[in-house]
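The structure under discussion appears below in the form of structure tokens.
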Amino acid sequence: MHLFHRQNLSILINRSKLTVCCIAVALLAAACDKVVDLDLETGTDQLVIEGNLTDENGLQYVKLSKSTAFANTNTYAAVSGAIVTLTDDSNKTYDLQETVAGTYVMEGYAGISGHTYTLQVGVEGKTYTAASSLPQKIWIEALAAKNRSIANTNNQQEITVSYHDPSVTVNQYNFLMYVNGVQVKSIFAYNDQLNDGNYITATLMQDDIDILSGDTVIVEMQCVDQAMYTYWHTLMQQDESNGTGVSSADPPNNISPTALGYFSAHTSERKVIIVP
Amino acid sequence: MRLSLTGILLTAVVSCFAQKKYTLSGSITDQATGEQLIGATVKILELPSVYTAANNYGYYVLLVPEGSYTVIITYVGFQTETLKVCLKEDQHLNISMTPGTEMKEVVVHAANADVGSPQMGLEKISMAQINAIPVMMGEKDILKTITLLPGIKSSGESNTGFYVRGGGSDQNLILLDEATVYNASHLYGFFSIFNTDAIKEISVLKGGIPAEYGGRLSSVVNVSMQEGNNQNFGVQGGIGLISSRLKLEGPLQKGKGSFMLSARRTYFDLFLKASADSSIRGSSLYFYDLNGKANYHFNDKNAVYISGYLGKDVLGLKDNFGTNWGNTTGTLRFNHLFSSRLFANTSLIYSNYKYTIESLSAASDFKATTKITDLNFKEDVQFTFDDAHTFKFGLNVLHHAITPGNISVSLSSVTTIEKRYGYESALYASDSWRPTSKLNLLYGLRLSSMLLRGPGTFKTYDAEGNSLTSDTYSSGANVKSYLNLEPRFSASYLLSTGSSLKLSYHRNTQNIHLLSNTNGGTPTDIYVMSSTNIKPEINDEISAGYFRSFRENNYEFSAELYYKQLQNQIDYKNGAELIANQDVESQLLYGSGRAYGLELFLKKKYGRFNGWLGYTLSKTERKFNEINDGNYFPASYDRRHDFSIAGIYKFNKSWTFSATFLYGTGNAVTYPTGKYNVGGLTTFSYSARNGYRMPATHRLDIGATLEGKAHRKYHSSWTFGVYNVYGNDNPYAITFRDSETLPNTTEAVQTSIFPDPMPSVTWNFKF
């Protein structure tokens, strides 16, 4: 059993720092969080490309939208009328059709592990290109729940996911978690740098949603390529540092010329657990 | 007539040259304890241009023509001594001073030697002031107190990390009895490792760094441990809100040798047991410090000192993980006087910093360790050539052994990041030259070398971080070497007896670099040496200043301007992985920096009311090709305005009151300018690096000390304090998230860690 990840190590270090703060503060004072008004630039809205290609036969989609100013509501203008194509290793090109405004799809297609795909988006007089390799598929061996190890006041649970990391190859994973149908606002991006070839049980540590007995939790496991790992890992680091460390910046992605978002060719598998 | 006048002049000149000079030398000590007083000033009343300050070992030497003189010795916190000396031959004169500050408001003090000294950027705070200044939770802290001085900025709310004149927190050389302290903080920066009970003296060089110091770009913080009372045995201690202290000291042989042992431990753990949270209940959280020192003076010519420090932080969360870290240092020193003019110090120094994190869970088993171990040999010689020249020269050989990461997971796999070995060596020489009675020069050269040695595999990387070359070296093979010549120069010109102009230039280099992408004191800090990828960091700094003492030397004013240019600075790629990464050097970016500023400082040194006022106007910028389109951007700790006041007022024999106030521009930070949705999550987009400012920080702290009634054998006192008196919400961090109250919107949240006034009380005793 290997429960160890470098990512968990850095999370632990961050958490231990927070724990010290919490304890010091709880003993002698009270830390306070308050919502503040900041005068933030509005900037120009940028193009956001979110492309996903999975190994599951079905609907593959690319979403095009515009970013918006921080002070606005979380509504993002759809970008319509783009020409979106996907090209595989053998230079075969597929057109994606715009169904809903800003969403471009192709049906009845599955990506294949070991193949590299190129996404091309022609919009607003520019052509954007992104390439991504679909990695070898690794299956979830088990999902389990255990008592949350930090700041547990109400028998909160945390979810562990087990899988067998293949040796020799470099593997990267991205997990998504849904509790009773609501996505957890945390990023779980791991690689095998310190546990290559082991049977791994990773704890999906988060404090967004309290998981309690009876909850239905879905975990999606994606095997992603190096560039996508860097993308998710950068966002995860910025999230974990809680504004006290890593300088925030747009994560490096595989799109050229510069645009926000990513194109990810990945495997996908979902498993469900009802927390005992 | 004309001829005879020339004749008289000639005779006068000849007789002047012919006049024999003798040395007046010895050590300056505290009469009550025998402690040597570093930096105490010795002056000759009849010869205004003849004065000196005791060196780091309390030794002074003056060259004076035959005659009868009045010798005046001054030291902050001690009564001024006046001695009559009739000098007919070289004379050894040990001076002991009586502690005590005068209650009278204005006392005549000898002219200020600091004004005439070419040394710039030197700050000292007496331990009496440090003990009187209010601090968080009543834990006296030399590092927090020095951040109240101009040019020295705290790295965060109640944090012991600091930045000097725009340099990084790893660019400060922190020395405890000459041993490098790598992580000077406890509990992630809330407290410093220096237990004030055990500390005799602290000085900070923030500029004009003389040739005997090297290895860090920005500052030298020199902390000396107490030697112990060589007259009487004593016990002192204190019981505070979070920790207790105990110190033992006494003579090994009265007047010849002494020892000091001091310990401090916190007791957060007791409070944890009261927690409602079961995971906190079974947890541990404490730190401790042990300081020890002993010395023996064989005679006036030979003395030996041995000192050591051991400190550790332990934090364990039940069934979860445990982490501990700490420094160990040891110093063995031998002082020898070859003659009254030739003083030598030989030191053998050990320094170690180690960090461990391990799983305490039954289900998993991992342990990660990082450490750095230094062995250092140092020889320093001071030679008083004549009354105009004092030479200093020496050498230094320092061996580093760094374990960047040793990670064991269960029984099966151990991942070891290769150890690194290297030598940092230096040769230096300097001359303190007084060409005229008004002009003082201090100039020197330091030759520093870095030698990275095998065994190990060493790679070079391209801009994307891919490995270009990989070479394996055997044990002891030379991998990479750097040689740097560092000129140092400073000068002072006396405008009048109480005022001077000073100018300095120095180049410093740094071959050991801290990799950390958090602000201040994370114990996982990783150290790397200059290598095929990392070049030595270089700082060229010029400063100019005006210094003045007035009102019979009771007040001191200084204005200093500085400009520094930094080369080969380090930043990190987006998403850099620094922990447990064999290819950590592939994660780095290299750039340059510049910093400039004005520091104003008004200090009242003596009297019932003493303290200071400091103001800094500064700008600190960095430049990396990969960040901000290659344009200069403000460093996160760039602080435009920084203002501080510290005041101590001795009301009567029983009560002393103190207060500090500080104001500082907020840190430069990167805030989002936009947002978008990917992977189902609200994600923020950013523009220029550090383009925004956190709100300004300001805070008032107050303190009071109540001295108990004097008993013959026993003395006690109470210290009271209130931190953040008017409860200002100083920002610790600002984060951005989906709103918790208004759906479909986002919000900015400011976290303040000590938003409320926080009282503290400590009881101290001594017998």
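If you read the sequences in order, they're chains A and B.
Read in the working numbering, the first sequence has 72 at position 75, and its numbers run on one by one without any break.
One rule links them: number in the working numbering = place in the second sequence (from 1) + 91.
For each residue, glycine too, the CB sits at the ideal point set by N, CA and C.
Just to confirm the assignment, what range does the alpha helix (DSSP H) spanning residue i have?
i, result
"leucine 669 (chain B)", "Counting along the chain, leucine 669 (chain B) falls outside any alpha helix (DSSP H), and DSSP gives it neither H nor E."
"alanine 219 (chain B)", "218 to 223"
"lysine 235 (chain B)", "233 to 237"
"leucine 363 (chain B)", "359 to 363"
Going by other Cβ atoms of all chains shown within 10 Å of its Cβ, with 16 needed for buried, is residue i buried or exposed?
i, result
"isoleucine 271 (chain A)", "exposed"
"alanine 139 (chain A)", "exposed"
"tyrosine 823 (chain B)", "buried"
"asparagine 144 (chain A)", "exposed"
"leucine 96 (chain B)", "With a pLDDT of only 43 at leucine 96 (chain B), under the threshold of 50, the placement of this residue in the model should not be trusted; the figure read from the coordinates follows. When all chains shown are included, leucine 96 (chain B) counts as exposed."
"arginine 267 (chain A)", "exposed"
"histidine 491 (chain B)", "buried"
"histidine 277 (chain B)", "buried"
"arginine 93 (chain B)", "For arginine 93 (chain B), the pLDDT reaches just 44, beneath the cut-off of 50, and the residue's location in the model is therefore unreliable, although a value from the coordinates is still provided. Arginine 93 (chain B) should be labelled exposed."
"proline 834 (chain B)", "exposed"
Below 8 Å on the Cβ atoms is my guess for residue i versus residue j; work out the distance and round it to an integer in Å.
i, j, result
"glycine 535 (chain B)", "alanine 302 (chain B)", "3 Å"
"phenylalanine 700 (chain B)", "glycine 738 (chain B)", "7 Å"
"glycine 258 (chain B)", "serine 309 (chain B)", "3 Å"
"tyrosine 728 (chain B)", "threonine 711 (chain B)", "7 Å"
"glutamine 153 (chain A)", "isoleucine 197 (chain A)", "Wrong, their Cβ atoms sit about 23 Å apart, outside the cutoff."
"isoleucine 793 (chain B)", "valine 813 (chain B)", "5 Å"
"isoleucine 135 (chain B)", "leucine 153 (chain B)", "7 Å"
"leucine 439 (chain B)", "leucine 423 (chain B)", "5 Å"
"valine 360 (chain A)", "tyrosine 106 (chain A)", "Since the first residue shown for chain A is -2 and the last is 273, residue 360 (chain A) is missing from the structure and cannot be characterised."
Is it true that the CB of residue j sits closer than 8 Å to the CB of residue i?
i, j, result
"serine 581 (chain B)", "glutamine 210 (chain B)", "yes"
"glycine 258 (chain A)", "valine 45 (chain A)", "yes"
"glutamate 137 (chain B)", "tyrosine 160 (chain B)", "yes"
"isoleucine 186 (chain B)", "isoleucine 119 (chain B)", "yes"
"tyrosine 166 (chain B)", "alanine 123 (chain B)", "no"
"glutamate 340 (chain B)", "glycine 319 (chain B)", "yes"
"isoleucine 273 (chain B)", "asparagine 497 (chain B)", "This sequence places tyrosine at residue 273 (chain B); isoleucine is not what is there. Result no, Cβ atoms of tyrosine 273 (chain B) and asparagine 497 (chain B) do not sit closer than 8 Å."
"serine 354 (chain A)", "tyrosine 767 (chain B)", "Residue 354 (chain A) lies beyond the residue range present for chain A, which begins at -2 and ends at 273; the question has no answer from this structure."
"alanine 219 (chain B)", "glycine 168 (chain B)", "yes"
"glutamate 909 (chain B)", "lysine 111 (chain B)", "Summary: the structure shown does not reach residue 909 (chain B), with chain B confined to residues 92 through 858, and so no result is reported for it."
Which chain B residues sit within Cβ distance under 7 Å of residue i?
i, result
"glutamate 38 (chain A)", "Thr764, Ser778"
"threonine 65 (chain A)", "Gly765, Lys766"
"glutamate 47 (chain A)", "Val769"
"leucine 201 (chain A)", "Per Cβ cutoff of 7 Å: no residues; leucine 201 (chain A) is ~15 Å from chain B at best."
"threonine 227 (chain A)", "Gly666"
Under 8 Å Cβ-Cβ, which residues of chain B neighbour residue i?
i, result
"glutamine 180 (chain A)", "Gly771, Leu772"
"lysine 31 (chain A)", "Asp820, Val840, Gln841, Ser843"
"aspartate 42 (chain A)", "Gly765"
"leucine 35 (chain A)", "Tyr762, Tyr783, Ile825, Ala839"
"serine 62 (chain A)", "Tyr767, Asn768"
"glutamine 154 (chain A)", "Simply none; closest approach about 13 Å."
Going by DSSP, what residue range makes up the beta strand (DSSP E) through residue i?
i, result
"asparagine 575 (chain B)", "569 to 587"
"aspartate 733 (chain B)", "732 to 741"
"aspartate 236 (chain A)", "Looking at the DSSP string, aspartate 236 (chain A) is not in any beta strand (DSSP E); the run it does join, the alpha helix (DSSP H), is 223 to 237."
"proline 342 (chain B)", "334 to 344"
"serine 776 (chain B)", "772 to 777"
"leucine 594 (chain B)", "590 to 601"
"tyrosine 114 (chain A)", "113 to 120"
Can you list the residues of chain A that residue i reaches, using a CB-CB cut of under 9 Å?
i, result
"threonine 836 (chain B)", "Ala68, Asn69, Thr70, Asn71"
"alanine 726 (chain B)", "The contacting residues do not exist; alanine 726 (chain B) stays about 11 Å from chain A at best."
Run through chain A and tell me which residues come within less than 7 Å of residue i, C-beta to C-beta.
i, result
"threonine 506 (chain B)", "Leu191"
"asparagine 665 (chain B)", "Thr231, Ala246, Pro248, Pro249"
"aspartate 792 (chain B)", "Near aspartate 792 (chain B) there are no residues of chain A at all, since even the closest Cβ is about 14 Å away, more than 7 Å."
"isoleucine 498 (chain B)", "Leu191"
Since residue i meets chain A, which of its residues come closer than 8 Å, beta carbon to beta carbon?
i, result
"aspartate 829 (chain B)", "Asn71, Lys182"
"alanine 554 (chain B)", "Simply none; closest approach about 12 Å."
"alanine 787 (chain B)", "Result: empty, since nearest Cβ-Cβ is about 13 Å, beyond 8 Å."
Could you name the residues of chain B that residue i contacts, counting a contact when the two beta carbons are closer than 9 Å?
i, result
"tyrosine 259 (chain A)", "Val769, Gly770"
"threonine 166 (chain A)", "Result: empty, since nearest Cβ-Cβ is about 16 Å, beyond 9 Å."
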